[in-house]
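First comes the structure, then the notes that go with it.
Here you go:
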């Protein structure tokens, strides 16, 4: 078993990285070479801007390579809750932004010829309890009525043709949802950004910054990078020098495993519908089939802000137990990959994007970022270019979390709270 991201291990190597040190003045410095940063860099470079991308590790190292491979449309949690909190028009704009995010990915794949197994598969939100089915049905009624008629409820009997497990009580199907190979996409996006002229510097962390009359100076091991504008696209991996954002983002560990490839008989036994699946528990699971028929299975196995081989191994055992609870027919199936990463959560679990603390930014995707991050990168790029585009997150209040100074000491309490909610509801 490899303690490595399946997406990164089975993707081609990125070949477009810069081999020279930064020099001169850049129009825009993008910090972070994940979906958001690369989406912004590609768009800006295509418009003739001089762009540098500074990545502390390697392309796709963060959340872009440490997710379940889902591109799920619509808001991640209750649409009726979004209406209650922010009003129907803002909730509709949020929902549409996620749909637009998948359209943006599909467009870029076609424009750049990226081979990443993109497919409109549909998403099943699986009701883990009978009362959850009723809640999903209320949510679906509001969605159908106001923003997306292309959704449906599946009864427990109808679910039998979709998933080989009898522990769920039905599901909500969102038909626009998709899936892809995340590693191949992020490498393809990086190669495209480089082709259009963006300089991409891996292993180049930003260790300090200051604003000047000409813009920004960013300290890196390669020297000082000077830029007129800065895009911060680092999510849960935001460096300490950007404390404004670290006080508003909670980094939470998300963990995954990938089984050995399933046989065709096993595929039909487990996932005959071949969709993306998410359970309705607060501390639940998500899963799908990989292009080579491995079962990719993930969840918040542990509430932790760390991810290393020890934490991944512990979380892998928890995930293996959960997998066997849903699909006992697989028995003690071999696991080929086990990995973890950090998810950038906000207090209300909605993203934030715009301009703050002197920089442009998009982050806080709260475990629902793969489908919208590239799109938000383009929106932030257009904002820099002076173009007006819909950004439903720009005006949302975003106060600092009380007592949170960058290290989320309170995560075990949060985990206990959500587990308690799952037990009683």
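Numbering (the numbering used here), first residue to last: 8 to 432. The beta carbon of each residue, even a glycine, is placed where N, CA and C say it ideally should be. Bear in mind that the values here come from a model prediction, so they are computed numbers and not experimental data.
Are residue i and residue j close, meaning C-beta to C-beta below 8 Å?
i           : j           : result
residue 436 : residue 236 : Look at the range of the chain in this structure, 8 to 432, and you will see that residue 436 is not part of it.
residue 233 : residue 215 : no
residue 136 : residue 178 : no
residue 193 : residue 75  : no
residue 387 : residue 277 : no
residue 370 : residue 359 : yes
residue 244 : residue 16  : no
residue 300 : residue 274 : yes
residue 208 : residue 229 : yes
residue 401 : residue 43  : no
residue 146 : residue 283 : no
residue 263 : residue 304 : yes
residue 36  : residue 200 : no
residue 374 : residue 250 : no
residue 329 : residue 306 : yes
residue 319 : residue 70  : no
Between which two residues does the beta strand (DSSP E) holding residue i run?
i           : result
residue 159 : 158-161
residue 265 : 257-266
residue 305 : 302-306
residue 234 : 230-239
residue 353 : Here residue 353 belongs to no beta strand (DSSP E), and DSSP marks it neither H nor E.
residue 273 : Looking at the DSSP string, residue 273 is not in any beta strand (DSSP E); the run it does join, the alpha helix (DSSP H), is 271-277.
residue 336 : Unbroken run through residue 336: none, as it is neither H nor E.
residue 33  : 32-38
residue 174 : Residue 174 -> no beta strand (DSSP E), and no H or E assigned at all.
residue 8   : Unbroken run through residue 8: none, as it is neither H nor E.
residue 178 : 178-181
residue 292 : 292-296
residue 61  : 58-61
residue 366 : 366-370
residue 130 : 130-133
residue 206 : 206-208
residue 286 : 283-286
Alpha helix (DSSP H) containing residue i: first to last residue?
i           : result
residue 152 : 137-153
residue 43  : 42-53
residue 93  : 86-93
residue 220 : Per DSSP, residue 220 belongs to no alpha helix (DSSP H) and is neither H nor E.
residue 361 : First-last for residue 361: 359-363, but that is the beta strand (DSSP E), not the alpha helix (DSSP H).
residue 433 : A query on residue 433 cannot be resolved here, the shown segment of the chain reaching from 8 to 432 and no further.
residue 189 : 189-202
residue 252 : 250-253
residue 13  : 13-16
Would you decide whether residue i is buried or exposed? Buried here means 16 or more other CB atoms lie within 10 Å of its CB.
i           : result
residue 189 : buried
residue 9   : exposed
residue 253 : buried
residue 285 : buried
residue 279 : exposed
residue 247 : exposed
residue 309 : Only weak support exists for where residue 309 lies, its pLDDT of 49 falling under 50; the coordinates are left without a value.
residue 258 : buried
residue 89  : buried
residue 195 : buried
residue 378 : buried
residue 399 : buried
residue 176 : buried
residue 255 : buried
To the nearest angstrom, how far is the alpha carbon of residue i from that of residue j?
i           : j           : result
residue 151 : residue 404 : 28 Å
residue 134 : residue 349 : 26 Å
residue 241 : residue 39  : 5 Å
residue 324 : residue 287 : 21 Å
residue 210 : residue 148 : 48 Å
residue 295 : residue 186 : 9 Å
residue 265 : residue 302 : 6 Å
residue 363 : residue 14  : 32 Å
residue 269 : residue 333 : 16 Å
residue 331 : residue 109 : 31 Å
residue 72  : residue 317 : 19 Å
residue 104 : residue 153 : 15 Å
residue 372 : residue 29  : 30 Å
residue 180 : residue 409 : 37 Å
residue 101 : residue 81  : 8 Å
residue 129 : residue 226 : 44 Å
residue 158 : residue 394 : 32 Å
residue 191 : residue 26  : 22 Å
residue 57  : residue 206 : 8 Å
residue 114 : residue 106 : 13 Å
residue 382 : residue 33  : 23 Å
Is there a C-beta anywhere in chain C that falls below 8 Å from the one on residue i?
i           : result
residue 183 : Chain labels in this structure do not include chain C; a single protein chain is all it has.
Is residue i close to the ligand MN? I mean its beta-carbon at under 7 Å from any heavy atom of the ligand.
i          : result
residue 70 : Here there are no bound small molecules, and the ligand MN is not part of this structure.
Exercise for review: Take every Cβ of the region 17-31, pair it with every Cβ of the region 47-54, and state whether three or more of those distances are shorter than 8 Å.
Suggested key: no
**Study point:** Three-pair Cβ contact test at 8 Å for the region 54-69 versus the region 91-111
**Key:** no
Point to revise | the region 163-173 contacting the region 109-126, beta-carbon criterion three pairs below 8 Å | key: no
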